[in-house]
Amino acid sequence: MKQILPLLKGLRLTFTRVFTKPITYQYPEKKHEVPERWRGIHYFKKNEAGETACVACGLCVKACPNQCITLEIGERFDGKRYPIKYEIDPWRCIYCGFCQDACPVNAINLGKDYEQAHYRKEDFVLDMKRLLAMYEDRK
Amino acid sequence: MAETKYMTINMGPQHPATHGVLRVVLELDGETVVSSIPDIGYLHRGIEKIFENRTYWQGQPLTDRLDYTSGMSNNLAYCLAVEKLLGIEIPKRAQYIRVMLSELQRIAAHLLWISTHALDMGAMTVLFYGFRERESCLKVLETVAGARLMPDYIRFGGLREELPEGFLKEAKAFIDDLPRRIDEYETLLTENVIWKRRLKGVCPLSAEDAIGYGVTGPVLRASGVNYDVRKAYPYSSYEDFDFEIPLGTAGDVYDRYLVRLKEMRQSVRIVDQAIQKLPEGPIKADAPEYVPPEKEEVSKDMAALIRHFKIMADGIKPPKGEAYASIESSKGELGFYIVSDGSEKPYRVRIRPPSFLNLGSVSKMIEGSLVADVVAAIGSIDIVLGEIDK
């Protein structure tokens, strides 16, 4: 009896679970709710003119631990710098958020999106167009 | 006369009970283990070497990837070592938050351990219960750090940013609920006759052997040795907290299980105290050369902008010297030894991983026991191969 009692107690505990609500959710239909600080796929903030807020200072390139950011710097007629090409290699990126920390104008940010599934390999690459589009999707 | 021959078999590297890619070469006499050699290196990434090619800042994400079940503790150990090198003082508030987070991380790691260990031993229900609580614990950590396993929140000089709103409430709700949940696991396991027969007296390690092999953490304490870095060499204001070090007597697998359960209860106490006593104040150290300014300041103040550029572009340059800092992670004593040559990259980083040294004692533990008990022994020392192979 002394040996059976703990077993019965355990069975009672598991049996009471029958009457509780399941805590799992059906993933693709219901998404995981991520917190405000979630470090997901990057996006570019836009300025008033609808262009990227990036000033091509190159700090994110320096800060990135995996050297996954490619930046080509252009200069406008008024001397302001802008990125001709800005690309994040999604396979090297570890989503540490250092680019976000380094950016002095808060242009590059890590968003709340976390699903990475595409039919083509090229579609993974985060170039300027996609980074800006991610900003639109956010809203 | 027939000749007696020992049989050599491989356990792993693809074995569900070896928790990763560990290979144990067993020499068997029938079903009894005569000798064994743990073979590691399947997950080697050369992390110590990669450290040398990165700035101190950039080295931090690597620490998350050592023991991936307790990222916060790894961050803390690395930051303490770098801070020792820099000689900076961390504000009390940041220290308390660090303690709080690393204790929550310890709870998450122990919950993962109890779930998987029970599964190895054939008790499947605990897996689901344990993961349920671990999920809510990770949710709490997620709101602070923004990621589940790679927090990267504790930075040298303090913390990345202030705690989010409502965090303390969430953490309080979690730790208030946890003791009841631990009682549930105890109901299922502690007195259960099958569980007891499976674990009691299995693969014991005496106190002398444990010390001899350099074992730390719950495995050492289950053998009855009272050594915990949190008490022996308090770091990050652990001396302000009131908690006990649970000890075992027999040093077998059952004692390790009990020690870890009790440790979780102590962690709950520590988190509770940290929430109650959390002082107000800054979360970053007053060291302008090493700690980047706040983001709001950067857009307003020219000096702050220059400082931000300087730190982000050039990295920090600690003075020449060396420093060792160790913490009590969920597995044992985790230490970082950093040598600086005065440049922005460390000259050498040596990691003292607890799992690696604990694994060394496995051969001694399983000598003379059955093959089925090898699973229990490997499970009970709670190894993470990411940390062992580095």
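Residue numbers (this note's numbering), protein chains in the order written: chain A, 1 to 139; chain B, 140 to 529. Backbone N, C-alpha and C define an ideal beta-carbon position, used for all residues, glycine too.
Below-8 Å beta-carbon distance, residue i vs any chain B residue
i, result
"residue 92 of chain A", "no"
"residue 116 of chain A", "no"
"residue 71 of chain A", "no"
"residue 79 of chain A", "no"
"residue 65 of chain A", "yes"
"residue 96 of chain A", "yes"
"residue 52 of chain A", "no"
"residue 85 of chain A", "no"
CB of residue i within 8 Å of CB of residue j, strictly
i, j, result
"residue 349 of chain B", "residue 500 of chain B", "yes"
"residue 477 of chain B", "residue 205 of chain B", "no"
"residue 203 of chain B", "residue 290 of chain B", "yes"
"residue 344 of chain B", "residue 393 of chain B", "no"
"residue 143 of chain B", "residue 164 of chain B", "no"
"residue 253 of chain B", "residue 324 of chain B", "yes"
"residue 295 of chain B", "residue 221 of chain B", "yes"
"residue 158 of chain B", "residue 517 of chain B", "yes"
"residue 216 of chain B", "residue 328 of chain B", "no"
"residue 74 of chain A", "residue 84 of chain A", "yes"
"residue 234 of chain B", "residue 212 of chain B", "no"
"residue 314 of chain B", "residue 407 of chain B", "yes"
"residue 81 of chain A", "residue 55 of chain A", "yes"
"residue 488 of chain B", "residue 198 of chain B", "yes"
"residue 167 of chain B", "residue 355 of chain B", "no"
"residue 357 of chain B", "residue 404 of chain B", "no"
"residue 462 of chain B", "residue 223 of chain B", "yes"
"residue 514 of chain B", "residue 259 of chain B", "yes"
Residue i CB to nearest heavy atom of the ligand NAP below 7 Å
i, result
"residue 500 of chain B", "You won't find the ligand NAP in this model; it holds no ligand whatsoever."
CB contact below 8 Å: residue i versus chain A
i, result
"residue 244 of chain B", "no"
"residue 256 of chain B", "no"
"residue 237 of chain B", "no"
"residue 428 of chain B", "no"
"residue 286 of chain B", "yes"
"residue 187 of chain B", "no"
"residue 488 of chain B", "no"
"residue 367 of chain B", "no"
"residue 440 of chain B", "no"
"residue 433 of chain B", "no"
"residue 281 of chain B", "yes"
"residue 485 of chain B", "no"
"residue 303 of chain B", "yes"
"residue 478 of chain B", "no"
"residue 512 of chain B", "no"
"residue 437 of chain B", "yes"
"residue 291 of chain B", "yes"
Original post:
Are the stretch 223 to 233 of chain B and the stretch 411 to 431 of chain B in contact at 8 Å, needing three or more beta carbon pairs?
Top reply: yes
**OP:** For the stretch 56 to 88 of chain A, list the alpha helix (DSSP H) runs that are entirely contained and at least 4 residues long, ordered along the chain.
**Re:** 59 to 63
Original post:
Hey, which unbroken runs of the beta strand (DSSP E) at 3 residues or more fall wholly within the stretch 214 to 290 of chain B?
Top reply: none
Original post:
Does the stretch 376 to 385 of chain B come close enough to the stretch 409 to 421 of chain B that 3 or more CB-CB pairs lie under 8 Å?
Top reply: yes
Original post:
Would you call the stretch 100 to 119 of chain A and the stretch 29 to 49 of chain A in contact, with 3 or more CB pairs under 8 Å?
Top reply: yes
Subject >> Segment contact flag, the stretch 468 to 476 of chain B with the stretch 438 to 449 of chain B, C-beta cutoff 8 Å, min 3 pairs >> reply: no
**OP:** Note down, in chain order, all residues in the stretch 397 to 417 of chain B with a beta-carbon under 8 Å from any beta-carbon belonging to chain A.
**Re:** none
Original post:
Curious, which full-length alpha helix (DSSP H) runs of at least 4 residues does the stretch 409 to 451 of chain B contain?
Top reply: 434 to 439
Subject >> Residues within the stretch 310 to 332 of chain B neighbouring chain A, beta-carbon criterion of under 7 Å >> reply: 323, 326, 327, 330, 331, 332
Original post:
Are three or more beta carbon pairs between the stretch 119 to 138 of chain A and the stretch 502 to 511 of chain B nearer than 8 Å?
Top reply: The stretch 119 to 138 of chain A vs the stretch 502 to 511 of chain B: no contact.
Subject >> chain A contacts made by the stretch 442 to 466 of chain B, where a contact means CB separation under 8 Å >> reply: For the stretch 442 to 466 of chain B, the set of residues with a beta-carbon nearer than 8 Å to any beta-carbon of chain A comprises 444, 447, 448, 451, 452, in chain order.
Subject >> Near-chain A residues of the stretch 248 to 275 of chain B (beta-carbon distance less than 7 Å), N- to C-terminal order >> reply: 264, 271
Original post:
Can we say the stretch 259 to 273 of chain B touches the stretch 175 to 195 of chain B, given the rule of at least three CB pairs closer than 8 Å?
Top reply: With the cut-off at 8 Å, the stretch 259 to 273 of chain B and the stretch 175 to 195 of chain B do not touch.
Original post:
For the stretch 22 to 48 of chain A, which residues have a CB atom closer than 7 Å to at least one CB atom of chain B, in sequence order?
Top reply: 23, 35, 36, 37, 38, 39
Subject >> Interface positions of the stretch 2 to 22 of chain A facing chain B (Cβ-Cβ less than 7 Å), listed along the chain >> reply: 3, 6, 7, 9, 10, 13, 14
Subject >> Residues in the stretch 103 to 132 of chain A having any Cβ partner in chain B nearer than 8 Å >> reply: 104, 105, 106, 110
**OP:** Jot down the residue ranges of each uninterrupted alpha helix (DSSP H) in the stretch 479 to 517 of chain B, minimum 4 residues, whole runs only, in chain order.
**Re:** 493 to 499, 501 to 505
Subject >> Meets three-Cβ-pair contact criterion under 8 Å: the stretch 430 to 444 of chain B and the stretch 275 to 293 of chain B >> reply: no
Original post:
Quick check: the stretch 60 to 73 of chain A against the stretch 5 to 24 of chain A, are there 3 or more CB pairs under 8 Å?
Top reply: no
Original post:
Taking Cβ-Cβ distances below 9 Å as the criterion, which residues of the stretch 193 to 225 of chain B are in contact with chain A?
Top reply: 193, 194, 196, 197, 198, 199, 200, 201, 203, 204
Original post:
Between the stretch 155 to 169 of chain B and chain A, which residues of the former have a C-beta closer than 7 Å to a C-beta of the latter?
Top reply: none
Original post:
Which runs of the alpha helix (DSSP H), 4 residues or longer, sit entirely within the stretch 148 to 205 of chain B?
Top reply: 186 to 191, 195 to 203
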